[in-house]
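Chemist: Right, I'll just put the structure down here and ask away after.
See the structure below:
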């Protein structure tokens, strides 16, 4: 279950949720529902006290999860338990200090053991990545790189060394739903493709089937986070059905793209 | 390649969205820092507008009362806007202007950096937005009014502990939203490279002046330089030109809140561990899973869970010492200096004074301590009165 498997047969649907919001039992059930609804890769958010790349929706989920007592170790245990029930690849999404304080080596080793194929750290740019990526590479875990609308001449630099997929940040600012995306996604993805065969997925601000379909025409996959987290925030332990229905609507839109 | 390292500390741990912005800032600073016109303009602003050089005052009564080393006060409290913060702000806003930016944003704890930024923005005709923890807007209501008076928009931040760290989070989020026309005036020697270096260089005027002034007055260097440390900008400013002088002890005073052995503390060196946060590798107060700890100090300006990377390295190498000072000790020093010398120091600076009150009596009479009075205490009077059980209205 490598990260790249998610991009093999169709437009990839990458979905995000915050582990432990509202608790880890619910997270476990949601992961199964998400795969059933047609998700190809799940980003498992490990909550952090100060998520500086997140907008209010995911910030709220981080606070709820941490006040519920979730820890990195408890999340690892949850993944151990749910992994046999899932076929799709998984990646962790968190912040540098969560991995650094756990011990980069110990974190990477655990990812490999429990079947998590990638890690995304939005506060670790290209210049600082080797401290992390060299260790993850030894354990066969992809360190996923991000590019942003401001990256310009940095795109080829970053894309050349990209593993798993290239996470294309669609817009300036933090995570969260947006009514319109103004960045020229087509040009951004074209620049990525000049430097690598690694697939490109676009995230930040995608919340409707129509947006997903439009973006998927220009990229290898779409990433949806805040819209899902918002449903979980609204429905709590009863989120399975609404999340399944929403995820399915994105899947159907992607299949039309 | 990682840039901006102080030993193992520092670096640039920020979202990709901001990387070109910090690279652009680094290039602009490299062009300006040795540029004659830039430096002439900055020096003129510092002297004519901010009132530099600040005085190095011999605290005769305090020295006699404590009965040990001679104590000199570096009067950064006499600067325009009442603190050392203006030194960095004038430098950064001038730099932002040269970069063609029309808008500045900043975080603030006690409000001194916010007031200084709003002041410079007014002077340069730039748009200004300040981020301040909701808790701090209550503790420092007067400074909130001042910022508004100066034409800035003040955003109260409700996330997390609603204090300085959360204000930094929100300012960083705002910067990723709007980069083209906006410069983030970081207020301390922290954050991603090049900020720790830029802020240090702009604050180094403090130690440059101390060195000159003490040579004129005493004909020798001080035995110790003492300053309070939150992020550490006034301390690095006071230390910088003495780092290469091994005979000068450098002492940073951290806010221990209710005690470094309690959970209500902000003493990073005493209680923190190595981590990565707010763009830098350094020491941070955090739990075993790397979650940043909610810190506490009576001083809104020192109420921060980290410390600048250059300080972290000065600690590692042993070149500087860092000591915790409690709320109680700081409040006593606040009252002591007011009564003894007729100078009301900021509660932040009072942390440094509190340590000097312990240190001076242990030293010889021919030895010299310089303590940086980083700001004035007007802003703290209401809070200290409350601390002493007296409710006054401003």
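Residue numbers (my numbering), protein chains in the order written: chain A, 1081 to 1337; chain B, 16 to 409.
Every residue gets a Cβ at the ideal spot worked out from N, C-alpha and C, and that includes glycine.
When the Cα atoms are used, what is the spatial distance from residue 408 of chain B to residue 155 of chain B?
Modeler: For the purposes of this step, residue 408 of chain B is identified with residue 393 of the second chain, where counting begins at 1. For the purposes of this step, residue 155 of chain B is identified with residue 140 of the second chain, where counting begins at 1. Taking the straight line from one Cα to the other gives about 13 Å.
Chemist: Pull the bridge partners of residue 383 of chain B from the DSSP assignment, please.
Modeler: Walking along the second chain from the start, residue 383 of chain B turns up at place 368. DSSP, once it has assigned bridges, lists B:85 as partnering residue 383 of chain B.
Chemist: For residue 168 of chain B, decide whether its Cβ has a neighbour in chain A, counting only Cβ atoms nearer than 7 Å.
Modeler: Your numbering for residue 168 of chain B matches position 153 in the second chain. No, because no Cβ of chain A sits closer than 7 Å to the Cβ of residue 168 of chain B.
Chemist: Output, in chain order, the set of chain B residues within a Cβ distance shorter than 7 Å of residue 1133 of chain A.
Modeler: The sequence position of residue 1133 of chain A within the first chain is 53, counting from 1. Neighbours of residue 1133 of chain A on chain B, chain order: 30.
Chemist: Do you know offhand how far residue 401 of chain B's Cα is from residue 350 of chain B's?
Modeler: On the second chain, position 386 is the one that residue 401 of chain B refers to. On the second chain, position 335 is the one that residue 350 of chain B refers to. For residue 401 of chain B and residue 350 of chain B, the distance between alpha carbons rounds to 14 Å.
Chemist: Please determine, among A:1146, A:1170 and A:1308, the residue with the shortest C-alpha to C-alpha distance to residue 1104 of chain A.
Modeler: For the purposes of this step, residue 1104 of chain A is identified with residue 24 of the first chain, where counting begins at 1. Residue A:1146 is the option with its Cα nearest to residue 1104 of chain A.
Chemist: Which residue's Cα is closest to the Cα of residue 250 of chain B: B:219, B:278, B:87 and B:235?
Modeler: Here the question's residue 250 of chain B lines up with position 235 in the second chain. Of B:219, B:278, B:87 and B:235, the residue nearest in Cα terms is B:219.
Chemist: For residue 27 of chain B, which residues in chain A fall below 9 Å Cβ to Cβ?
Modeler: Here residue 27 of chain B refers to the residue found at position 12 when the second chain is read from its first residue. Residues of chain A passing the Cβ test: 1205, 1207 and 1208.
Chemist: Under the DSSP definition of a beta bridge, which residues are partnered with residue 152 of chain B?
Modeler: Taking the second chain and counting its residues from 1, one reaches residue 152 of chain B at position 137. In the DSSP output, where bridge partners are listed per residue, residue 152 of chain B has none listed.
Chemist: From the beta carbon of residue 304 of chain B, is the nearest beta carbon of chain A less than 7 Å away?
Modeler: Along the second chain, one-based indexing puts residue 304 of chain B at 289. Yes - at least one Cβ of chain A is within 7 Å of the one on residue 304 of chain B.
Chemist: Exposed or buried, which one is residue 1128 of chain A when buried takes at least 16 other CB atoms within 10 Å?
Modeler: Position 48 of the first chain, counting from 1, holds the residue named residue 1128 of chain A. Residue 1128 of chain A is buried by the Cβ-count criterion.
Chemist: Does residue 339 of chain B come out as helix, strand or coil in the three-state DSSP assignment?
Modeler: Reading the second chain from its first residue, position 324 is the one you call residue 339 of chain B. The answer is strand: DSSP assigns residue 339 of chain B an E or B state.
Chemist: Considering only the beta carbon of each residue, do residue 272 of chain B and residue 279 of chain B sit closer than 7 Å?
Modeler: Translated into the one-based positions of the second chain, residue 272 of chain B becomes position 257. Translated into the one-based positions of the second chain, residue 279 of chain B becomes position 264. Yes, these two residues count as a Cβ contact at 7 Å.
Chemist: From the DSSP secondary-structure annotation, give me the bridge partner or partners of residue 288 of chain B.
Modeler: Looking up residue 288 of chain B in the second chain gives position 273. For residue 288 of chain B, which the question treats as bridged, DSSP gives the partners B:299.
Chemist: Who are the neighbours of residue 1254 of chain A on chain B, taking C-beta pairs under 8 Å?
Modeler: In the first chain, counting from the first residue as 1, residue 1254 of chain A sits at position 174. Those within 8 Å of residue 1254 of chain A in chain B are 188, 191 and 192.
Chemist: Taking its Cβ as the centre, do 16 or more other Cβ atoms sit within 10 Å of residue 94 of chain B, making it buried, or is it exposed?
Modeler: Against the second chain, residue 94 of chain B aligns to sequence position 79. By the neighbour-count definition (other C-beta atoms within 10 Å, threshold 16), residue 94 of chain B is a buried residue.
Chemist: When the Cα atoms are used, what is the spatial distance from residue 1211 of chain A to residue 1185 of chain A?
Modeler: Taking the first chain and counting its residues from 1, one reaches residue 1211 of chain A at position 131. Taking the first chain and counting its residues from 1, one reaches residue 1185 of chain A at position 105. If you take the alpha carbons of residue 1211 of chain A and residue 1185 of chain A, they lie about 10 Å apart.
Chemist: Going by the DSSP bridge assignment, what does residue 147 of chain B pair with across the sheet?
Modeler: Taking the second chain and counting its residues from 1, one reaches residue 147 of chain B at position 132. Bridge partners of residue 147 of chain B: B:123 and B:171.
Chemist: Is it buried or exposed for residue 261 of chain B, if we count other Cβ within 10 angstroms and need 16 for buried?
Modeler: Position 246 of the second chain, counted from the start, is the residue given in the question as residue 261 of chain B. The residue in question, residue 261 of chain B, is exposed, as its Cβ has fewer than 16 Cβ neighbours within 10 Å.
Chemist: Starting from residue 197 of chain B, follow its DSSP beta bridges and name the residues at the other end.
Modeler: By 1-based counting over the second chain, the position of residue 197 of chain B is 182. DSSP, once it has assigned bridges, lists B:118 as partnering residue 197 of chain B.
Chemist: Can you find at least 3 beta carbon pairs, one from the stretch 1242-1254 of chain A and one from the stretch 1284-1297 of chain A, that sit closer than 8 Å?
Modeler: yes
Chemist: When the cut-off is 7 Å and only beta carbons count, does residue 1174 of chain A lie next to chain B?
Modeler: Reading the first chain from its first residue, position 94 is the one you call residue 1174 of chain A. Chain B, which has no Cβ nearer than 7 Å to the Cβ of residue 1174 of chain A, makes this no.
Chemist: How about residue 44 of chain B and residue 213 of chain B: are their beta carbons less than 7 Å apart?
Modeler: One-based indexing of the second chain puts residue 44 of chain B at position 29. One-based indexing of the second chain puts residue 213 of chain B at position 198. Yes, Cβ-Cβ distance for residue 44 of chain B and residue 213 of chain B is below 7 Å.
Chemist: So, for residue 1116 of chain A: in the same chain, excluding its five sequence neighbours on each side, which residues have a beta-carbon less than 7 Å away from its beta-carbon?
Modeler: As a working note, residue 1116 of chain A is residue 36 in the first chain. The residues are 1324.
Chemist: Does any CB atom of chain A fall closer than 7 Å to the CB of residue 424 of chain B?
Modeler: Outside the shown range of chain B, which is 16 to 409, sits residue 424 of chain B, and nothing can be said about it.
Chemist: Find out if the Cβ-Cβ distance for the pair residue 1096 of chain A, residue 1113 of chain A is shorter than 7 Å.
Modeler: Taking the first residue of the first chain as 1, we reach residue 1096 of chain A at position 16. Taking the first residue of the first chain as 1, we reach residue 1113 of chain A at position 33. Going by C-beta atoms, residue 1096 of chain A is not nearer than 7 Å to residue 1113 of chain A.
Chemist: Measure the CB-CB distance between residue 363 of chain B and residue 289 of chain B and report whether it falls below 7 Å.
Modeler: Position 348 of the second chain, counted from the start, is the residue given in the question as residue 363 of chain B. Position 274 of the second chain, counted from the start, is the residue given in the question as residue 289 of chain B. No, the Cβ-Cβ distance between residue 363 of chain B and residue 289 of chain B is not below 7 Å.
Chemist: Contact between the stretch 73-88 of chain B and the stretch 366-375 of chain B is defined here as three or more beta-carbon pairs at a separation below 8 Å; is this criterion met?
Modeler: yes
Chemist: From which residue to which residue does the beta strand (DSSP E) around residue 1338 of chain A run?
Modeler: The displayed coordinates of chain A run from 1081 to 1337. Any statement about residue 1338 of chain A would go beyond what the structure contains.
Chemist: Look at the alpha carbon of residue 188 of chain B and the alpha carbon of residue 77 of chain B, and state the distance between them as a whole number of angstroms.
Modeler: Translated into positions along the second chain, residue 188 of chain B becomes position 173. Translated into positions along the second chain, residue 77 of chain B becomes position 62. Distance between residue 188 of chain B and residue 77 of chain B, taken at the CA atoms: about 45 Å.
Chemist: Start and end of the beta strand (DSSP E) containing residue 278 of chain B?
Modeler: If you number the second chain from 1, residue 278 of chain B lands on position 263. First-last for residue 278 of chain B: undefined, no H or E at that position.
Chemist: Could you check how far apart the C-beta atoms of residue 1197 of chain A and residue 1239 of chain A are, in whole angstroms? I think they sit under 8 Å.
Modeler: Locating residue 1197 of chain A in the first chain gives position 117, where the first residue counts as 1. Locating residue 1239 of chain A in the first chain gives position 159, where the first residue counts as 1. Between residue 1239 of chain A and residue 1197 of chain A the Cβ distance is about 19 Å, and since that is not below 8 Å, they are no contact.
Chemist: Have a look at residue 118 of chain B and residue 20 of chain B and give me their C-alpha separation to the nearest angstrom.
Modeler: Along the second chain, read from residue 1 onward, the residue named residue 118 of chain B stands at position 103. Along the second chain, read from residue 1 onward, the residue named residue 20 of chain B stands at position 5. Residue 20 of chain B has its alpha-carbon roughly 29 Å from the corresponding atom of residue 118 of chain B.
Chemist: Buried or exposed for residue 1331 of chain A, going by 16 or more other Cβ atoms inside 10 Å?
Modeler: To locate residue 1331 of chain A, count along the first chain from 1; it is residue 251. By the 10 Å Cβ count, residue 1331 of chain A comes out buried.
Chemist: Which residue comes first and which comes last in the beta strand (DSSP E) that contains residue 244 of chain B?
Modeler: Looking up residue 244 of chain B in the second chain gives position 229. That run of the beta strand (DSSP E) goes 239-244.
Chemist: From the DSSP output, in three-state form, read off residue 306 of chain B for me.
Modeler: As a working note, residue 306 of chain B is residue 291 in the second chain. It is coil, neither helix nor strand.
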